[in-house]
Amino acid sequence: MKTKNNLFTLITGASTGLGRELAIECARRKMNLILVSLPGENLPELCTQLSGKYQVIVCHYEIDLTDREQVELLAAWVIANFSVNVLINNAGIGGTRSFETTPTDYLDRLIQLNIRATSLLVRLLIPELKMHRKAYILNVSSMAAFAPLPYKTIYPASKAFIYHFTCGLKAELRNTNIRVSVVNPGPIMTNPDVVKRILKQGALARLALIPASAIARISIHNLIRGKAVIIPGYLNRINVFLMSLIPSGIRLSLSSRVIQREL
Amino acid sequence: MKVLVTGANGLLASNLVRELLQSGYEVRGMVRESSNLLSLKKVDVELFKGEITNPSDVRKAFAGCEVVVHAAANTSQWPTNYEAYKKINVDATRLLLDEAVRRGVEKFIFVGSANAFDSGTKANPGTEESPFSMKGKSGYMLSKQVAQELVLGEFRRSGLPAVVVNPTFMLGKYDAKPSSGQIILMAQQKKLMIYPPGGKNFVHVADVAHGIVNAIRHGKPGECYLLANENLTYREFFGKLRMVYGRPQKLLSLSRQSIHLAGALGSLYENVLDKPAKLNSVNARLLCADNYYSSAKAVQELLMPQTPISQAIEDALEWFGQYGYLS
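Chains A and B, in that order, are what the protein sequence lines are.
Per our numbering, the very first residue in the first sequence carries number 1; after that it's consecutive.
Per our numbering, the very first residue in the second sequence carries number 1001; after that it's consecutive.
Structure follows, in structure tokens:
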């Protein structure tokens, strides 16, 4: 007797990059999906493609997550229509800019998306996640969370927020059915722009570069295993360890030199 | 007509709420603040959050309801002493009865347990006429028995149109907790299933829900109705599960003596460490017993359906599969 699956995985920022690969990986594992992204990013096409190829149910919701009201509408829609046992907060923006010339709108959007939307979605979906036998939350942070960086200022800070928030949440939800993980990917080969930017950072950065599909596979595998902090790639794990040994002053001046090549 | 269902998120009640709505009743489901509402997801039912042990919550929950189905109970297997169950299973029933009398409800249906009557053999199963003996009964069973007596006593005293229904072991959809469905979840992951020598009566939870809906109209006040179906040995039951699901692949019988020994050890463990053991002497005795009952009265008077148990197993497995319970 074969039984069908009625549970859904919610993924934000699913139209491109790591989010898209996470969607593919989950579909490959026969998880039904609710994919969320900004309008006009070909999300419906991705849904058709995934549901056809992997025989899972794939729904989508196009929304600007920087708008608090829309985030609340999304959560209400999801709870009313689906049974969700996996929440993946992947949506995020970032870039390399000099802080004093960064438009204030951009600053505000980054904080609203990377920090507020993630926190709100987790909070709003916990009652739904709690209903299920096993539930999972995966928040996507970054290697950048482990080090302050010049010219990236608020992006690493927002990812450090995600890292700390997730670790705290994990401890708080220890005795519940919800498993919580944070993934801190290093540089990812997502789109050609990012690859070009990273290649400018030099040989070591190139070595640490891992395909997004591999990061997605590692992330979901470890999420289900219940690993708290997921750092894909040996080199990245060594890097995190080494960074923790170097005094922050030296670390900052080293990373400044690398980042300036990008500008 | 509006029906109040207490413990609305439980296995039976969540099936009952659906059946009531389908039959055209309005329903108010009473649940605790902390209840897991997965079993009622997408069901268009009015929920009232409160405690059945709290008089003011009970008063508010009753407002506007002509019928009450009291399905809420502490059904846990541990601890085994009566006192642990008294507050929720007995005292709260008293509170609900008083409120029902005060309001003059049209029907008060108490969901009891089949164990309020002594069980029989396959050839001569327990009925509503069977006596109740205290011997070998768990604290849970005693509490349900005492509560049942309260309900019947209230009928004799004030004429409250109260009916008692006594379901046996229920299986089917929406067992979110999971409660009795645990037997399926435990067995479906095993290649080799060791089964005890006894057996019990199994019933599709949807049949029980159907029987209760009919009891609102046709149940005679002051009467008890065993809501039962197939009397199966554990071997027969796991055989049916294998037919439906393919597992457990092999069945191995366990002797009476070894179960009693394990039960005695379990009770010793519980007494020393004050923690529940997987098996204690009370449930060891139950596993070896023939817990067989007849639903003849309910079939005749309440037109209770008798869906095959293999269907109940299939429905339970289907729902468990949909919500990630199967390994």
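Ideal Cβ placement from N, Cα and C applies to all residues, glycine included.
Small disclaimer: the values here were computed from a predicted structure and weren't measured.
> Is B/Leu-1171 close to chain A, meaning its C-beta is less than 9 Å from at least one C-beta of that chain?
Replying inline: Interface residue (Cβ-Cβ distance to chain A less than 9 Å): B/Leu-1171 is not classified as such.
> How would you list, in chain order, the residues of chain B whose beta-carbon sits under 8 Å from the beta-carbon of A/His-132?
Replying inline: Those are Leu-1038, Tyr-1323, Gly-1324, listed as they occur along chain B.
> Are A/Leu-10 and A/Ile-88 touching if we call contact CB-CB under 9 Å?
Replying inline: Yes, the Cβ-Cβ distance between A/Leu-10 and A/Ile-88 is below 9 Å.
> So what's A/Phe-264 in DSSP terms, helix, strand or just coil?
Replying inline: For chain A, the structure presents residues 1 to 263; residue 264 of chain A sits outside this window and is missing.
> Among the residues of its own chain, which have a CB less than 8 Å from the CB of B/Lys-1220, if the five just before and after it don't count?
Replying inline: Within the same chain, B/Lys-1220 has close Cβ partners Val-1163, Glu-1301.
>> On a Cα-Cα basis, can you pick out the residue from B/Phe-1117, B/Phe-1155, B/Glu-1270, B/Ser-1158 that is closest to B/Asp-1144?
In response: The amino acid occupying residue 1144 of chain B in the given sequence is Lys; Asp does not appear at that position. The residue with the shortest Cα to Cα distance from B/Lys-1144 is B/Phe-1117.
>> Restricting to Cα atoms, I'd like to know which of B/Val-1272, B/Ala-1262, B/Pro-1276, B/Lys-1297 is closest to B/Arg-1285.
In response: Considering only alpha carbons, the answer is B/Ala-1262.
>> Once DSSP output is grouped into helix, strand and coil, what is the label at A/Thr-104?
In response: Three-state DSSP puts A/Thr-104 in a helix.
> In chain order, what residues of the same chain lie with their CB nearer than 8 Å to the CB of B/Leu-1254, ignoring the 5 residues before and after it?
Replying inline: Cβ neighbours of B/Leu-1254 beyond the five flanking positions: Ile-1194, Tyr-1195, Pro-1196, Pro-1197.
>> So the candidates are B/Val-1208, B/Gly-1239, B/Asn-1291; which of them puts its Cα closest to the Cα of B/Ser-1014?
In response: If we check each option's Cα against that of B/Ser-1014, B/Val-1208 comes out closest.
> Which residue from B/Asn-1009, B/Ser-1039, B/Ser-1076, B/Tyr-1085 puts its Cα closest to that of B/Gly-1050?
Replying inline: For B/Gly-1050, the closest C-alpha among the options B/Asn-1009, B/Ser-1039, B/Ser-1076, B/Tyr-1085 is that of B/Asn-1009.
>> Tell me which residues share the same chain as B/Ser-1180 and place their Cβ nearer than 7 Å to its Cβ, disregarding the 5 neighbours each side in the sequence.
In response: Cβ-Cβ distances below 7 Å link B/Ser-1180 to Leu-1011, Phe-1169, Met-1170, Leu-1171 in the same chain, with the five nearest sequence neighbours on each side left out; the list follows chain order.
>> Could you tell me which whole beta strand (DSSP E) segments of length 3 or greater appear in the stretch 1233 to 1267 of chain B?
In response: Scanning the stretch 1233 to 1267 of chain B for uninterrupted beta strand (DSSP E) segments of 3 residues or longer gives 1250 to 1253, listed from N- to C-terminal end.
> Count the other CB atoms within 10 Å of the CB of B/Pro-1055; is the residue buried (16 or more) or exposed (fewer)?
Replying inline: With fewer than 16 other Cβ atoms within 10 Å, it is exposed.
> Nearest CA to the CA of B/Lys-1297: which residue from B/His-1218, B/Cys-1065, B/Tyr-1325, B/Leu-1226?
Replying inline: It is B/Leu-1226.
>> I'd like to know whether the C-beta atoms of A/Met-131 and B/Ala-1176 end up nearer to each other than 9 Å.
In response: Yes; because the gap between Cβ atoms is below 9 Å, this pair is in contact.
> Straight-line CA distance for B/Ala-1063 to B/His-1070?
Replying inline: Approximately 15 Å, taken between the alpha carbons.
> What distance in whole Å lies between the Cβ atoms of B/Asn-1231 and B/Val-1137, which are believed to be in contact at a cut-off of 8 Å?
Replying inline: A quick correction: the sequence has Lys, not Val, at residue 1137 of chain B. Going by Cβ atoms, the distance from B/Lys-1137 to B/Asn-1231 rounds to 20 Å, so no, they are not a contact pair.
> Mind checking B/Lys-1173: buried by the 16 CB within 10 Å criterion, or exposed?
Replying inline: Buried, because 16 or more other Cβ atoms sit within 10 Å of the Cβ of B/Lys-1173.
>> Pairs of beta-carbons, one from the stretch 152 to 171 of chain A and one from the stretch 81 to 100 of chain A, closer than 8 Å: are there three or more?
In response: With the cut-off at 8 Å, the stretch 152 to 171 of chain A and the stretch 81 to 100 of chain A touch.
> Given B/His-1260, which residues of its chain have a CB within under 8 Å of its CB, disregarding the five upstream and five downstream residues?
Replying inline: Around B/His-1260, the same chain offers Ser-1281, Ala-1284, Arg-1285, Cys-1288 as residues with beta carbons nearer than 8 Å, after the five sequence neighbours per side are excluded.
>> Quick check: what's the CA-CA separation for A/Ser-255 versus A/Thr-118?
In response: In this structure, the straight-line span from the alpha carbon of A/Ser-255 to that of A/Thr-118 is close to 28 Å.
> At a CB-CB cut-off below 7 Å, which residues of chain A make contact with B/Lys-1041?
Replying inline: Those are Ser-83, listed as they occur along chain A.
> Taking just the CA atoms, how far does A/Pro-232 sit from A/Gln-49?
Replying inline: Answer to the nearest angstrom: the Cα atoms are 27 Å apart.
> What are the uninterrupted segments assigned as beta strand (DSSP E) that are 3 or more residues long and contained completely in the stretch 1135 to 1201 of chain B, given in chain order?
Replying inline: Annotation note: the stretch 1135 to 1201 of chain B contains the following uninterrupted beta strand (DSSP E) runs of length 3 or greater, listed N- to C-terminal: 1162 to 1167, 1169 to 1171, 1192 to 1195.
> Whole-angstrom Cβ separation of B/Val-1017 and B/Val-1043, contact assumed at under 8 Å?
Replying inline: B/Val-1017 to B/Val-1043, Cβ: 6 Å. Contact.
> With a cut-off of 8 Å, do at least 3 Cβ pairs link the stretch 1021 to 1037 of chain B to the stretch 1098 to 1112 of chain B?
Replying inline: Judged by Cβ distances under 8 Å, the stretch 1021 to 1037 of chain B makes no contact with the stretch 1098 to 1112 of chain B, as fewer than three pairs qualify.
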